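These notes concern the structure reproduced below.
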Amino acid sequence: MKAEEYKQAIRHYAMEELNIQKIGFTDASPFLEYEEGLRKKQREGLLSGFEHPIIEERIYPDRIFDQPKTILSLALAYPTKPKEKLERKKGERRGAFARVSWGVDYHTLMAKKLALLEDYIKELIPGVRCKSMVDTGELIDVAVAQRAGLGFIGYNGLLVTKEYGSYVYLGDMILSVALPPDKAMANQCGECRRCVQFCPTGALLGNGSMNPHRCLSFQTQNKQFMGKEFRRKMSHVIYGCDICQQVCPYNRGMDFHLHPEMEDDPQTIFPELTELLTLSNREFKEKFGHLSGAWRGKKPLQRNAIIALANYKDKTAVPSLLELMEKDARPVIVGTSAWAVAEIIATSSVELERFFKEVQERFPEDEDFQTEMNQALHRLREKETDRSS
Ligand code: B12
Ligand code: SF4
Ligand code: SF4
């Protein structure tokens with residue numbers, strides 16, 4: 002078989018047998034055009050900390066694979082609207098997971114398909130070596146995908162495909178044999194900058210790069226106290242953010258239901274917020290453990306649920322929040338609950354202020370907690386109307 006025939010056989014198997022929506026091929030030369038940008042970001046502390054930390058290994062494929070010749074890029078399209086309608090009960094307050102986190106964790110799904118594709122390629126090309134990765138690997142997934150012709154990188158930094166928009170998960174595979182590369186795709190944003198304009202936090206810098214620390218997706222995954230300026234902007238989305246994709250013209254009407262594993266119960270992906278606050282670890286794992294959005298554990302999601310309740314100004318949540326303040330062992334949960342109570346209530350009282358002061362003594366050594374409580378107390382005092390009574 003000739004290299005071109007191998008390539009066509011791999012493409013056919015991936016698309017027809019493995020239900021992979023897009024596959025592209027590129028050579029294994031270094032991704033030099035990203036090196037300076039990444040180093041600058043590293044120097045300026047502008048990397049998220051979620052990406053592979055060794056820049057050389059991201060840029061030079063031969064640092065992570067002996068004599069690489071080809072890199073495959075794969076894309077799986079995911080749904081943007083739930084198949085089943087959510088039955089809403091009166092008075093309940095629901096949050097939402099971003100679309101990237103609906104259904105079975107895409108890392109698992111993509112890894113399974115990559116393993117099956119590896120098996121096929123190893124049978125097809127005797128002696129070939131392969132290395133697969135998805136998201137957590139060394140390579141810059143969008144850079145591989147762009148060079149392999151899957152789509153272009155937009156000003157939101159995401160890979161945009163013509164057929165599925167940017168709602169695709171990406172995976173890569175390095176091979177030890179040379180296969181004919183596909184043609185890279187140039188940027189097709191034209192004059193549009195909607196993602197930059199609509200990003201609620203100014204995270205997108207306008208040159209295709211971003212400040213990840215200002216991105217709500219990062220903020221919802223971070224485990225510390227969430228910066229105050231991001232809390233209202235998070236609205237009710239407790240994991241991730243889809244805004245710079247929702248506003249993109251290339252995503253108009255995109256909603257693909259091609260993988261049963263990506264469908265989920267609307268009760269799970271739009272969870273009832275107060276319920277989420279009191280889940281045991283076991284209950285959390287049972288209900289949310291399959292989602293990619295559960296990878297940081299339940300604490301950040303519970304913190305975000307508290308913020309979402311405050312954003313709803315939901316007075317019925319106050320008793321649960323006061324209970325968390327009294328009993329929860331995690332300073333971030335206790336402090337965020339205090340902030341939320343101070344946000345929600347219309348008027349405060351001397352008793353409430355006394356309670357806040359008692360709660361503040363629970364973690365005297367934790368500076369961030371102390372700052373959070375001082376600010377919450379300050380806000381309470383602003384709302385206190387019955388001091389004289
Ligand atoms: C770290 C990370 C994050 C961080 C930082 C994001 C970032 N853009 O750097 C945070 C937590 C914020 C994040 C958020 C999200 N992420 Co993320 N993330 C990653 C990860 C692990 C590494 C990204 C990285 O290396 N960034 C550092 C450098 C490369 O970024 P940069 O300095 O901004 O460089 C960009 C510019 O130089 C630009 N560029 C270069 N030349 C040119 C030229 C032109 C003309 C233009 C316009 C741009 C341009 O391209 C570079 C890449 O975007 C990748 C997986 C992987 N291994 O690659 C997934 C990945 C990028 N994330 C993904 C997703 C789905 C998301 C979210 C949509 C999730 C959500 N719904 O909340 C958001 C989107 C936020 C956004 N607009 O980027 C997908 C994207 C799929 C796709 N279609 O592109 C990936 C590829 C994971 C995967 N395997 O599927 N993510
Ligand atoms: S994911 Fe949200 S916060 Fe992050 S860059 Fe896009 S619009 Fe901005
Ligand atoms: S919103 Fe506009 S600028 Fe942003 S990625 Fe889509 S087409 Fe490009």
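Sequential numbering from 2 applies to the sequence shown in my numbering. Heads up, the beta-carbon is just placed ideally off N, CA and C, and yes, glycines get one too. Note that the coordinates shown come from a computational prediction; the quantities given were computed from them, not determined experimentally.
Distance cut-off 7 Å: residue i Cβ against heavy atoms of ligand 3
i    : result
G254 : no
V161 : yes
R194 : yes
G155 : yes
C190 : yes
Coarse secondary structure for residue i, derived from DSSP in three states
i    : result
F271 : coil
K132 : strand
G172 : strand
Y240 : strand
V351 : helix
T71  : strand
E362 : coil
E324 : helix
S390 : A caution first: S390 carries a pLDDT of 44, below 50, which makes its placement in the model unreliable, though a value can still be read off. Three-state DSSP puts S390 in coil, outside helix and strand.
N1   : Coverage of the chain is limited to positions 2 through 390, which leaves residue 1 absent and any answer about it impossible.
M227 : coil
R89  : coil
P62  : helix
V178 : coil
F357 : helix
G336 : helix
S49  : coil
E262 : helix
L278 : helix
A318 : helix
R331 : coil
L33  : helix
CB contact check: residue i to chain D, cutoff 8 Å
i   : result
K91 : Chain labels in this structure do not include chain D; a single protein chain is all it has.
Residue i - partner residues in DSSP beta bridges
i    : result
M211 : L205
V342 : Per DSSP, none; premise fails for V342.
L77  : Y170
T162 : G166
A97  : V238
Residue i: CB within 7 Å of a non-hydrogen atom of ligand 1
i    : result
V197 : no
C249 : no
V169 : yes
L280 : no
G1   : Nothing about residue 1 can be read from this structure; the chain reaches only from 2 to 390.
Q303 : no
Q222 : yes
K234 : no
S49  : yes
E52  : yes
V105 : no
Continuous alpha helix (DSSP H) stretch holding residue i: start and end
i    : result
D369 : E368 to K384
V221 : One point to set straight first is that residue 221 is Thr, not Val, in the sequence displayed. Segment L217 to Q222, the alpha helix (DSSP H) holding T221.
I307 : K299 to Y313
H13  : A4 to H13
F285 : N282 to F289
Q43  : E36 to R44
I55  : First-last for I55: undefined, no H or E at that position.
Q189 : First-last for Q189: undefined, no H or E at that position.
V197 : R195 to F199
Check: residue i C-beta below 7 Å from any heavy atom of ligand 2
i    : result
M211 : yes
S218 : yes
A204 : yes
P201 : yes
I308 : no
I244 : yes
Beta strand (DSSP E) segment containing residue i, residue limits
i   : result
K23 : K23 to D28
In chain order, what are the residue ranges of uninterrupted alpha helix (DSSP H) at least 4 long that sit wholly in the stretch 101 to 156?
107 to 125 and 142 to 148
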